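So the sequence lines, in the order shown, correspond to chains S, D and P. Numbering-wise, the numbering used here puts 173 at position 173 of the first sequence, and it's gapless, one number per residue. Just add 305 to the spot in the second sequence (first one is 1) and you have the numbering used here. Just add 636 to the spot in the third sequence (first one is 1) and you have the numbering used here. Cβ coordinates follow ideal geometry from the N, Cα and C atoms, glycine included. As the structure is a computational prediction, the values presented were derived from the model and not from experiment. Just below is one structure, and these are the notes that go with it.
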Amino acid sequence: MLVYTLKRLGLALLVTLAVSMLSFALLYLSGDPAAAIAGETANAEDIEAVRIYYGFDRPWVVQYGEWMFNAIRGDFGTSYYFKLPVSQLVAERLSVTMLLGVCGISFALLTAVPLGVAAAVRPNSIIDRIALFLSVMGQAMPSFWFGLVLIVLFSIKLRILPPSGSDNWQNFVMPTIVLGYYAMPAIMRLTRAGMLDVLGADYVRTARAKGAGEFRVMFKHALRNAIIPVVSLAAVQMGFMLGGSIVVESIFALHGAGYLAWESIGRNDLPTVQALILVFSMFYIVFTFLSDLLNAWLDPRMRVG
Amino acid sequence: MENILSVRGLTVDIPLAAGTLHAVRGIDFDVKRGETLCVVGESGSGKSLTSLAIMGLLPKQVQRSARVLDFEGVDLQTASNRDMRKLRGNRISMIFQEPMTSLNPAYTIGDQLTEALLLHRKVPKPVARDRAIELLEKVGITAAANRMKQYPHQLSGGLRQRVMIAMALMGEPDLIIADEPTTALDVTIQAQILRLLKDLQRELNMAMILITHDLGVVARVADKVAIMYAGEMVEAGSAAEVFTAPKHPYTRGLLNCIPVPGKTAVGEHLGSIPGIVPSLIGDVAGCAFRSRCDEATAQCASDIPARISPAGHLYRCVHDYDMNQPKSGEA
Amino acid sequence: MTNTTETINTVAPKVEAEVLSGPTPRQVLLTKVLGHKGLMFGAIVLLTIFLMALFAPLLAPYDPYHQDLMHRMIPPVWDAKGSWENILGTDHLGRDYLSRLLYGARISLAIGAIAALISGIIGTSMGVAAGYFGGRVDACVTFLINVRLAMPVVLVALAVVALFGGSLQVVITVLGLLLWDRFAVVMRSATLQLRSMEYVTAAKAIGCSTKRILFSEIMPNIANSLIVIVTLEMAHAILLEAALSFLGLGVQPPTPSWGLMVSEGKQMLLFQPWMIAIPGVALFILVLAINLLGDGLRDVSAPENRN
């Protein structure tokens, strides 16, 4: 088990390194960052001054090394726009995004898993058709449009939820739904397929032969095994949600990391954008790493390698 | 001695797109305490479905009916789901064919064993655990206390089947149904498992129904034998009777297939039964075996009654056959 | 022995006759395809949208870029203040909505198709190479896939578009370079499965070159999975472009991208909800059709893969 963990950890670190290099390189591909910062009205001298000031004249490798070295210590530089340490900015906003992400995945799991189980227990019944219908609809709906539709419905017509801001819990209801619904179809289908497989397994028959009631058979015996791939999927989806938070936060004016990302891109605030790409990636990597560990814990057969 | 299980006219029908498949077509049998009934038949004869029918574990779409389906006074036909659950694993236990997949991979052996008891008795967990260890030892598993913490994938097939047997015994059942318990195991392990089952049965005075397609198994353990073909019981009686004086052509055919060391000459053709099992979809009339039978006559196409031989065993054949006479003829 | 032969013949079940004649595999497939409701719905709707996009210049009543500030914000024909002059109304610059919708279909379909093509080529090459050659190649590709999956696509796409400037070409390129992951993953596992199949071993045994094996043995058999993934990634690309344009960092105005139209309509949410409803519904229907088509194709080619 220890060897397994270490291997996964090593891999995770390598991936992080590669992502950081890519995100660093990406932002210098477009051309001259100095020109972008200096603005359209700047002349050659100004641009050169900017370049020297920010250190863009040094070799690429040096710049990356310095940035990475600082990043490991939590220093992502200073925001061009806010003139504040980027790490401070990100830390402030991150809690909102994390909260949103947790709510979103919880919403997705709490709706999709029971629906998937119900659909598997009664295949081709009404509930199965409803579940499949919802999943097909969910996958086709653009998230930004769904968000606007919810605003029209709940904020404008029904007036029960606030359309924007991040003051209290009601602000999080619609964003949670919009963020979570996109993960629902995949989770529902995987749960359903997994349950269908497992319900036909021999050990489920054994459980029934022992005199176990249907609930125990379904949850203790069947779901316990069927849920294993869903855990991995949920972790991956949670990672994606951070990316999706950009759209959701900007529609609902939630001041989270996603919103910050969008604003920073618009303002060419390179350090912030770089830091955010790295932070978002790290979360994805951490989530998948944790889900691998959770998987190994859930499935005793995985603990060997 | 009283019958623990009485079955009369058990039928199992499976609705298919092409029509209704009559998988089990009216079978009768009894089992007494301490007695082993072997149900013999080839694939598709309906023997496994019979055991699932008794336990009430048939899939939803499959229909079961019987004139009598009585277990120690409980009518299994009308018993509610709750009542059936109280019986399963408690007074009637079942052992399945595939030990490799019959245990839940996510839980330890100990967990699954104690569950078998705790589902039916309100005893403290340590008591259940002790009983599990006791039974593991009884089925011949050494270092039982350590085994309790292991997972199914850490055990071999033979060991897993022993665990299944132990699990079946946790509730101290009156009747054990074993559906081809040794088919998936090595020949050497087979013998051990069979002896184990027989010993346990004697010790605990249980009734046992053992389903198999292997006549060798039958010879080793059976008190009574029931031969099933195409959903019907074509011959049934004491093992000694049926083997020495088989009355049904199918039984005779089966016995002929077995080479006997000493009797079967080198180079001699092994017996075989030509043809295939007929389709059981839709109405089936007359003897299902007649397409493969040497003795078939026009009479075989109509209803075959169950007849009782002078020695007391049942058979469904309109012809009489005496093993010692070379040719057949009307009685 | 009595009349055994006759008895057996009258009694034996007739099974042989039907096996030799019957529908060809192609006919069976066609029946399955035509009978699958989702697939047919998806295919028909997609075809309709494609034709609408193709013939947009003929079908559109007005020039989608033509502004008419005297006739701004006219509601669609079903509203009291609407008229048949502008069936779907006009936007905040007086441009006819129906015309913009039709030309917007071109944008969505083009982006979907080309991005899926680019990412398909990249991902399939990587996946098949990884699955077929195994070893270092596989380790390398798997690593790249993990790196790509770790990157927040929306964020990276936004950043790149912001830096290179928003335009149709940039968006298509970025999406094409980012969406290859599922191709790689699925093609890799499909190839892995096939590689161990006996007919590949047989081909190797008779001395087929690697290239030949790849093209004649492996490719035809992963084609099923490939087609399904193409549809899924097409839908993915369309939704992503719409999101990017909505956020202002995709296709730039005045190009009639449906995502952009939703963004422009966002300002008038309170009073003219149709401005976001119409392009939103259009996106929804397009993506739905593509998804249903993909699911249907997966069902008819290998129903056991429903997952």
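Any non-hydrogen atom of the ligand GDP within 6 angstroms of residue i CB
i, result
"Arg313 (chain D)", "For the ligand GDP, the structure offers nothing, since it holds no ligand at all."
Reference residue i; option with closest CA among the options
i, options, result
"Glu92 (chain S)", "S:Trp297, S:Tyr259, S:Gly266 and S:Met282", "S:Tyr259"
"Leu26 (chain S)", "P:Leu734, P:Arg742 and P:Leu799", "P:Leu799"
"Ile514 (chain D)", "D:Ala471, D:Arg330, D:Gly339 and D:Pro320", "D:Gly339"
"Ile586 (chain D)", "D:Thr316, D:Ala328 and D:Asp519", "D:Ala328"
"Ile757 (chain P)", "P:Leu666, P:Arg818 and P:Leu675", "P:Arg818"
"Met453 (chain D)", "D:Glu420, D:Gly476 and D:Leu424", "D:Glu420"
"Ala449 (chain D)", "D:Ala611, D:Ile414, D:Gly463 and D:Ser461", "D:Ile414"
"Ser881 (chain P)", "P:Arg736, P:Val713 and P:Gly802", "P:Gly802"
"Gly767 (chain P)", "P:Val790, P:Gln829 and P:Asn722", "P:Gln829"
"Pro583 (chain D)", "D:Cys592, D:Thr406 and D:Leu575", "D:Cys592"
"Arg436 (chain D)", "D:Gln402, D:Leu474, D:Cys605 and D:Asp484", "D:Leu474"
"Glu263 (chain S)", "S:Tyr81, S:Phe76 and S:Leu14", "S:Tyr81"
"Val312 (chain D)", "D:Leu575, D:Gly572 and D:Val379", "D:Val379"
"Ala544 (chain D)", "D:Ala535, D:Glu537, D:Leu560 and D:Ala496", "D:Leu560"
"Val523 (chain D)", "D:Asp608, D:Pro486, D:Ser607 and D:Arg387", "D:Pro486"
"Ile613 (chain D)", "D:Ser607, D:Cys605, D:Cys622 and D:Ala606", "D:Cys622"
"Leu342 (chain D)", "D:Pro564, D:Glu600 and D:Met533", "D:Met533"
"Leu109 (chain S)", "S:Ser23, S:Tyr181 and S:Asp299", "S:Tyr181"
Beta-carbon gap between residue i and residue j smaller than 7 angstroms
i, j, result
"Ala619 (chain D)", "Ala541 (chain D)", "According to the sequence shown, residue 619 (chain D) is Leu rather than Ala. Taking 7 angstroms as the Cβ cut-off, Leu619 (chain D) and Ala541 (chain D) qualify as a contacting pair."
"Ile747 (chain P)", "Glu877 (chain P)", "yes"
"Met184 (chain S)", "Ala112 (chain S)", "yes"
"Leu499 (chain D)", "Arg525 (chain D)", "yes"
"Pro579 (chain D)", "Arg595 (chain D)", "no"
"Ser143 (chain S)", "Val178 (chain S)", "yes"
"Glu403 (chain D)", "Asp202 (chain S)", "yes"
Backbone secondary structure at residue i - three-state DSSP
i, result
"Thr556 (chain D)", "helix"
"Met218 (chain S)", "helix"
"Lys337 (chain D)", "strand"
"Lys902 (chain P)", "helix"
"Glu652 (chain P)", "Legend: pLDDT at Glu652 (chain P) = 46, less than 50; position of this residue unreliable, value from coordinates given subsequently. It is coil, neither helix nor strand."
"Lys529 (chain D)", "strand"
"Ala875 (chain P)", "A small correction: the amino acid at residue 875 (chain P) is Leu; Ala does not occupy that position in the sequence shown. Three-state DSSP puts Leu875 (chain P) in a helix."
"Ile754 (chain P)", "helix"
"Ile680 (chain P)", "helix"
"Met538 (chain D)", "strand"
"Thr406 (chain D)", "coil"
"Asn451 (chain D)", "helix"
"Tyr182 (chain S)", "coil"
"Val777 (chain P)", "helix"
Short CB-CB distance (under 7 angstroms) between residue i and chain P
i, result
"Pro142 (chain S)", "yes"
"Ile277 (chain S)", "yes"
"Ile265 (chain S)", "yes"
"Phe280 (chain S)", "yes"
"Gly104 (chain S)", "no"
"Tyr284 (chain S)", "yes"
Below-7 angstroms beta-carbon distance, residue i vs any chain D residue
i, result
"Ala209 (chain S)", "yes"
"Gly165 (chain S)", "no"
Closer than 7 angstroms to chain S by CB, residue i
i, result
"Leu362 (chain D)", "yes"
"Leu424 (chain D)", "yes"
"Gly415 (chain D)", "no"
"Val783 (chain P)", "yes"
"Asn409 (chain D)", "yes"
"Ala786 (chain P)", "yes"
"Thr355 (chain D)", "no"
"His458 (chain D)", "yes"
"Arg393 (chain D)", "yes"
"Ile912 (chain P)", "yes"
For the region 926 to 938 of chain P and the region 856 to 867 of chain P, state whether three or more C-beta atom pairs, one from each stretch, are separated by less than 8 angstroms. Contact between the region 926 to 938 of chain P and the region 856 to 867 of chain P is present, because at least three Cβ pairs lie under 8 angstroms.
Are the region 149 to 167 of chain S and the region 243 to 253 of chain S touching by the rule of at least three beta carbon pairs closer than 8 angstroms? Under the Cβ criterion (8 angstroms, minimum of three pairs), the region 149 to 167 of chain S counts as touching the region 243 to 253 of chain S.
Taking 8 angstroms as the threshold, find out whether the region 283 to 294 of chain S comes into contact with the region 5 to 13 of chain S through three or more Cβ pairs. Between the region 283 to 294 of chain S and the region 5 to 13 of chain S, the count of C-beta pairs closer than 8 angstroms reaches three or more; the two stretches touch.
Should the region 725 to 734 of chain P be regarded as contacting the region 694 to 712 of chain P, the criterion being three or more beta carbon pairs within less than 8 angstroms? Cβ pair count under 8 angstroms is three or more, so yes.
Count the C-beta pairs between the region 692 to 703 of chain P and the region 731 to 748 of chain P that are closer than 8 angstroms, then say yes if the count reaches three, no if not. Contact between the region 692 to 703 of chain P and the region 731 to 748 of chain P is present, because at least three Cβ pairs lie under 8 angstroms.
Could you tell me whether the region 226 to 239 of chain S touches the region 184 to 195 of chain S, where touching means 3 or more Cβ pairs closer than 8 angstroms? With a cut-off of 8 angstroms, the region 184 to 195 of chain S and the region 226 to 239 of chain S count as touching, because enough Cβ pairs lie within range.
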